[in-house]
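In the numbering used here, the protein residues as written are 138 to 621. For every residue, glycine included, the Cβ atom is placed at its ideal position computed from N, Cα and C. In what follows, a single structure is set out as structure tokens and then discussed.
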Amino acid sequence: MSGFEYASAPESKAIANIASSYGLFINGKFVEPKKGKSFTTINPATEELLSKIAYADKLDIDLAVKSARTAFTKVWSKMPAKERGKYLYRIARIMQERAREFAVVETLDNGKPIRESRDTDIPLAAAHFFYHAGWADKLEYAGVGSKPKPVGVVGQIIPWNFPLLMLAWKIAPALAAGNTVVLKPAETTPLTALLFAQVCQQAGLPDGVVNIVTGDGITGAALVNHPDINKIAFTGSTEVGKAIARSISATKKSATLELGGKAANLVFDDAAIDEAVEGIVNGIFFNQGHVCCAGSRLLLQENIADEVLEKLKKRMSLIRVGDPMDKNTDLGAINSKEQLNRIHEISNTGDTEGANRWSPECKLPSKGFWYPPTIFTGVSQSHRIAREEIFGPVLSVLTFRTPAEGIEKANNTMYGLSAGIWSDKGSKVLWAAKQLKAGVIWSNTFNKFDPASPFGGYKESGWGREGGRHGLAGYLTSDAKAAK
Ligand code: ADP
Numbered sequence: 138m139s140g141f142e143y144a145s146a147p148e149s150k151a152i153a154n155i156a157s158s159y160g161l162f163i164n165g166k167f168v169e170p171k172k173g174k175s176f177t178t179i180n181p182a183t184e185e186l187l188s189k190i191a192y193a194d195k196l197d198i199d200l201a202v203k204s205a206r207t208a209f210t211k212v213w214s215k216m217p218a219k220e221r222g223k224y225l226y227r228i229a230r231i232m233q234e235r236a237r238e239f240a241v242v243e244t245l246d247n248g249k250p251i252r253e254s255r256d257t258d259i260p261l262a263a264a265h266f267f268y269h270a271g272w273a274d275k276l277e278y279a280g281v282g283s284k285p286k287p288v289g290v291v292g293q294i295i296p297w298n299f300p301l302l303m304l305a306w307k308i309a310p311a312l313a314a315g316n317t318v319v320l321k322p323a324e325t326t327p328l329t330a331l332l333f334a335q336v337c338q339q340a341g342l343p344d345g346v347v348n349i350v351t352g353d354g355i356t357g358a359a360l361v362n363h364p365d366i367n368k369i370a371f372t373g374s375t376e377v378g379k380a381i382a383r384s385i386s387a388t389k390k391s392a393t394l395e396l397g398g399k400a401a402n403l404v405f406d407d408a409a410i411d412e413a414v415e416g417i418v419n420g421i422f423f424n425q426g427h428v429c430c431a432g433s434r435l436l437l438q439e440n441i442a443d444e445v446l447e448k449l450k451k452r453m454s455l456i457r458v459g460d461p462m463d464k465n466t467d468l469g470a471i472n473s474k475e476q477l478n479r480i481h482e483i484s485n486t487g488d489t490e491g492a493n494r495w496s497p498e499c500k501l502p503s504k505g506f507w508y509p510p511t512i513f514t515g516v517s518q519s520h521r522i523a524r525e526e527i528f529g530p531v532l533s534v535l536t537f538r539t540p541a542e543g544i545e546k547a548n549n550t551m552y553g554l555s556a557g558i559w560s561d562k563g564s565k566v567l568w569a570a571k572q573l574k575a576g577v578i579w580s581n582t583f584n585k586f587d588p589a590s591p592f593g594g595y596k597e598s599g600w601g602r603e604g605g606r607h608g609l610a611g612y613l614t615s616d617a618k619a620a621k
């Protein structure tokens, strides 16, 4: 493939219109935080400052929860369901209209390739609102009795890997079910949530139905511990998920927790190898591997391992790493310095514990946070890189001899969020899917998402489901007393 280069095809930043500072979105307006504190958000691909963001503390959280409570009791839970649905449709359509703006802001703030924010994050986020708009007046079919009620005021905390998409996963079902929300985006990626706040204004959403509070883990903890929250919906690390579970254990708050993963991607010897290689690449290098359901543990049947690895390395040599705003880029920037350090720290144990590292030759930009696409072979099940979530573009490769051994190795993890199966034989796919302890199982594909499909984990990957009827049910109760 030498001598063939892509010309650069940069997306313009002109549409982004990022303000130099943002307040908190409380009760339908942008307001200054009570203590006037702020933090900054940068572009991880260049380390350039993007904006100054208000930092919410306990007092601000209290105001946001009060505004959500008033909106819940006086407006949103009283509104005919059909009317609620109209707001959701309106939001979905505005998101579509402003899709390019959202994609550019997401890529600038997160570091993910514009191709992915444009083709995956933003369309899927709008799709979540369209899907849940349809549910708003059909809640009696959600499986929680004939007269389901909203749970009340929901505190929602989201991570930085799919900022707008995770917001949509949280806000769309909550609103469709008649709840109001206080949402906290991650500290490194607040911008699309703040743009979404503007969309709520544009859609004429009643004040207080959606409140967006920016800040860090301390802000998140204040939201979790606020006494007037009925439910917490969290996506993030298993460690923080456990802390949240502990802090609400003695309260009446309910929770959905979508946590980490170390998904097995199993390739059987009858698989279509070229397709499997594409699926392996998509499974681990999509979104720089900042994906809780990433196929980060590749399990190859031993008799095809050499062939798959040879093809995989050839394919990895074609991955274009660099400017996320370039439409040809496959692998963008790591979201933050802290995350880059974490990736280095865990990956380096692969070297010290005796696995073999391989990366294609690639020139990384001098500014910003970058990690090359990497695979480790010769990995054993006890290695840290086979057990812990790296959350970066690093793949651990293990082998198995018999299908039963493959399944046993796949299930040998504290996680259970997703898994992939590659085989030409339908009966083997069904057999394997039945044995795998994972919430989402893809067959001959990977990382496919749909608002109608429930998503969630087994074991330490979390509680509850998001998406589909099951996700919606988590925002409803059959007990009218639950929502004050
Ligand atoms: P990651 O490792 O992916 O950064 P975290 O779990 O640390 O994931 O962060 C996910 C989200 O949880 C972010 O919005 C973060 O600010 C928030 N968060 C971090 N610590 C806490 C906490 N103790 N309580 C509530 N939210 C928290």
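Exercise for the section: Locate the alpha helix (DSSP H) running through V319, then write down its first and last residues. Expected result: Counting along the chain, V319 falls outside any alpha helix (DSSP H), though it belongs to the beta strand (DSSP E) covering T317 to K321.
Problem - Three or more C-beta pairs below 8 Å linking the region 265-280 and the region 288-301 - result: no
Exercise for the section: Quick one: residues in its chain with C-beta nearer than 7 Å to the C-beta of F266, no 5 flanking neighbours on either side, listed in chain order? Expected result: L225, I228, A229, M232, A305 and A309
Handout entry: Collapsed DSSP secondary structure at K368 in the structure displayed
Key = strand
Handout entry: Cβ shell of P327 (< 7 Å), same chain only, five flanking positions each side left out
Key = T178, I190 and T351
Problem - Residue range of the beta strand (DSSP E) that includes I349 - result: V347 to I349
Practice task
Compute the distance between the beta-carbons of P510 and Q425, then report whether it is under 7 Å.
Solution key: no
Exercise for the section: In the DSSP assignment, find the alpha helix (DSSP H) that holds I295 and state where it starts and stops. Expected result: Unbroken run through I295: none, as it is neither H nor E.
Exercise for the section: Any chance you could list the alpha helix (DSSP H) runs of at least 4 consecutive residues sitting entirely within the region 245-309, in chain order? Expected result: 259-272
Problem - Contact test: P296 Cβ vs ligand 1 heavy atom, cutoff 6 Å - result: yes
Handout entry: Burial state of F141, where buried means 16 or more other Cβ atoms lie within 10 Å
Key = exposed
Problem - Proximity test, S473 beta-carbon vs ligand 1 heavy atom, cut-off 6 Å - result: no
Practice task
Please classify A392: does DSSP put it in a helix, a strand, or coil?
Solution key: strand
Exercise for the section: Please go through the region 503-571 and give each complete beta strand (DSSP E) segment of 3 or more residues, from N-terminal end onward. Expected result: 511-514, 531-537 and 555-559
Exercise for the section: Express the C-alpha separation of I471 and T582 in angstroms, rounding to a whole number. Expected result: 25 Å
Handout entry: C-alpha gap between A413 and L449, whole angstroms
Key = 9 Å
Practice task
With a threshold of 16 other CB atoms inside 10 Å of the CB of R383, please say whether the residue is buried or exposed.
Solution key: exposed
Exercise for the section: Could you check which residue in D407, W272, I381 and E525 has the C-alpha nearest to that of P540? Expected result: D407
Handout entry: Three or more C-beta pairs below 8 Å linking the region 159-170 and the region 342-362
Key = yes
Practice task
Report buried or exposed for I369, applying the criterion of at least 16 other Cβ atoms within 10 angstroms of its Cβ.
Solution key: buried
Problem - F299 versus W272, Q338, T372 and L360, residue with shortest Cα-Cα distance - result: T372
Problem - Three-way DSSP call (helix, strand, coil) for A153 in this model - result: coil
Exercise for the section: Give the range of the alpha helix (DSSP H) segment to which K448 is assigned. Expected result: E439 to M453
Practice task
Report the partner residues of N180 according to the DSSP bridge assignment.
Solution key: E185
Practice task
Within 10 angstroms of the Cβ of E439, are there 16 or more other Cβ atoms? Answer buried if so, exposed if not.
Solution key: exposed
Problem - Residue range of the unbroken beta strand (DSSP E) whose run includes I578 - result: V577 to S580
Problem - Cβ-Cβ distance between T317 and V290 below 7 Å - result: yes
Problem - Own chain residues within Cβ distance below 7 Å of W559, not counting five before or after - result: L403, V404, F405, A408, A413, G416 and N581
Practice task
Pull up the distance between the alpha-carbon of N485 and that of N478, whole angstroms please.
Solution key: 10 Å
Problem - CA-to-CA distance, A270 to S590, given in whole angstroms - result: 16 Å
Problem - C-alpha distance - A380 paired with V346, whole-angstrom precision - result: 27 Å
Exercise for the section: Grab me the residues of E169's own chain with a C-beta within less than 8 Å of its C-beta, minus the 5 sequence neighbours each way, in chain order. Expected result: G160, L161 and A191
Practice task
Flag G373 as yes when its Cβ comes closer than 6 Å to any non-hydrogen atom of ligand 1, and as no otherwise.
Solution key: yes
Exercise for the section: Flag D274 as yes when its Cβ comes closer than 6 Å to any non-hydrogen atom of ligand 1, and as no otherwise. Expected result: no
Practice task
Specify the secondary structure class of S494 as computed by DSSP and reduced to three states.
Solution key: It should be noted that the sequence gives Arg, not Ser, for residue 494. In this structure, R494 counts as strand in the three-state DSSP scheme.
Exercise for the section: Give the secondary structure of V404 by DSSP, where H, G and I count as helix, E and B as strand, and everything else as coil. Expected result: strand
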